[in-house]
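Right, one structure below, let's go through it.
In my numbering, the protein residues as written are 26 to 456.
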C-alpha cells in the first residue's frame, strides 16, 4: 500500500507543478478559444491541461518501475507499456484537437486506433463472467471488439461530462478511488497478482486528477481539454479491462456452494464491468434527456443547447461550485454503493443506506439557496462565504447587474483581467 501511495503522490506532484508552465505555454500557443453561447464560463481560459496530466502519468509509471514490489508488475505483465502506448496516441490527438479543433470522426478513429494499440500489446478482455453460465472465453475478434467498445464509450463519457470547472477530474477521481479499493482487495485478499496492474492504473489516475484539480476548480485557471479528458477516460477504461479480462474468476473460487450463494459471491466479478458505468451514468442520463428534449422541439439531436444537467443546476439557483459538489455526491454514491454491495451483497443495510443518501441528495437539489454555516470555532478555517455574518469583515467589490435575457457576447482572448489573458495576471475573483 505504501508504494501505491508513493506513486500516487509523485504523480499528483508532477501534474500539479507542471500545470502552471503548461498554462503559460497554452496562452502563448493560442489554445484559448473564444467563448461560445452554450459555455458556462465567461472568460477565455487556456486548454491543454492534458499535457501536465500525461507527464504525471509518465512520472507515475517511471517511479513504479523502480519500486521493489511494483516493479514486478512491469516484469510479469506488458499492460503498463500497452497503457503508455495507447495514452500517448490519444493524448497527441487531444492536443491537436485543443489547438486546431479536428473533426469528430477523426477523433473517433483515433480513439479506436489507441484501443487497438493496447489490444495488440496484450491489454484486452480474454473472458467475461455470465450469470448461470460461468466464465466464457472470448475469441480474438470478440475480445478486440468488446475492448475497443469499452474504451471508446468510457473516453466519450468522460469527455461529455467535462462541462463545469473541476467536474470531470473530480468525478473520475471518485470513480478511480472506488476502483482502486476493489482492485486492491482482489490483489491483497485473494492473492491474485493479475489485479496488480489495475490497482497501479487506478492509483496513477487518482494522482493525475488530484494534481490537476487545484488549477481547475472554479474559477478555473486552465481546462484539461480533450487532451486531458480523453486521456483519463482511457486510463479508467484500461484499469477496467485489465481486472475484467485478465483475472480469472475461477481463481477466486466463487463457483461453490448452492446456486443462491454462487450468485451472491459472483457479484464482485461483475463490478469491473459496472464500475466504468459509474462515470457514465450521469452523462448517459444527460444524453438521453438531451435527445428527447431536442427532438421534442423539432431540433436535431446533435444541436448544441444549454439544457444539460449542469446547466439545469445553475438555472434553479445553485452556484457553480455547489453544482459540481452535487454531481460529486451522486458519483460517489453510485461508485461506492456498488463497491460496498460487491463486498456484502446479502446485506439490506447497504440498500437502505443508499436509499437514505439518495433522499439526502434530493433534498440538496431542492435547496439551491441554502448555504451551510460553520461553527464559530471553525470559522477561521473555512472560506468567508461559510462564516456567520459579522464574524469577519470582508471587503466586497460591487458587481454590476446582468440581465438574464441578455445575449452572451464572446470575449476575445487577450483582454486584460480575464482568466488566461496573461500568464501571470491576477486570478479572477468572480464566483
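From the three backbone atoms N, C-alpha and C, an ideal C-beta is built for every residue, glycine too. Quick caveat: nothing in here was measured; it's all calculated off a predicted structure.
Would you mind reading off the limits of the alpha helix (DSSP H) that contains residue i?
i, result
"residue 136", "129 to 145"
"residue 99", "96 to 101"
"residue 86", "75 to 90"
"residue 240", "221 to 241"
"residue 40", "27 to 54"
"residue 122", "104 to 125"
"residue 466", "There is simply no residue 466 to check, as the chain begins at 26 and stops at 456 in what is shown."
"residue 212", "192 to 214"
With distance defined between alpha-carbon atoms, name the residue in the options nearest to residue i.
i, options, result
"residue 113", "265, 260, 178", "260"
"residue 235", "206, 255, 202, 51", "202"
"residue 149", "162, 172, 87", "172"
"residue 58", "51, 144, 243, 69", "69"
"residue 200", "72, 258, 75", "258"
"residue 105", "147, 343, 191, 130", "147"
"residue 343", "389, 322, 382", "389"
"residue 221", "365, 135, 143, 98", "98"
"residue 39", "84, 26, 50", "84"
"residue 359", "232, 262, 197", "197"
"residue 337", "391, 153, 169, 364", "391"
"residue 245", "29, 37, 91, 73", "73"
"residue 209", "95, 400, 54", "95"
"residue 218", "102, 77, 138", "102"
"residue 143", "164, 29, 362, 107", "107"
"residue 386", "53, 356, 366", "356"
"residue 54", "37, 120, 86", "120"
"residue 37", "238, 182, 160", "238"
"residue 41", "29, 26, 51, 76", "76"
"residue 181", "129, 229, 169, 213", "129"
"residue 179", "263, 323, 313, 363", "263"
"residue 192", "353, 133, 362, 28", "353"
"residue 126", "308, 381, 323, 56", "56"
"residue 351", "384, 50, 133", "384"
Checking the sheet assignment: what are the DSSP bridge partners for residue i?
i, result
"residue 152", "162"
Write down the C-beta distance between residue i and residue j rounded to the nearest angstrom, noting that I regard them as a contact closer than 8 Å.
i, j, result
"residue 136", "residue 176", "7 Å"
"residue 223", "residue 267", "4 Å"
"residue 204", "residue 174", "About 19 Å; that fails the 8 Å criterion."
"residue 44", "residue 247", "6 Å"
"residue 477", "residue 81", "Examination of residue 477 is not possible in this model, given that the chain is present from 26 through 456 alone."
"residue 345", "residue 90", "No, residue 345 and residue 90 are not in contact; Cβ-Cβ is about 40 Å, not under 8 Å."
"residue 195", "residue 349", "7 Å"
"residue 152", "residue 161", "6 Å"
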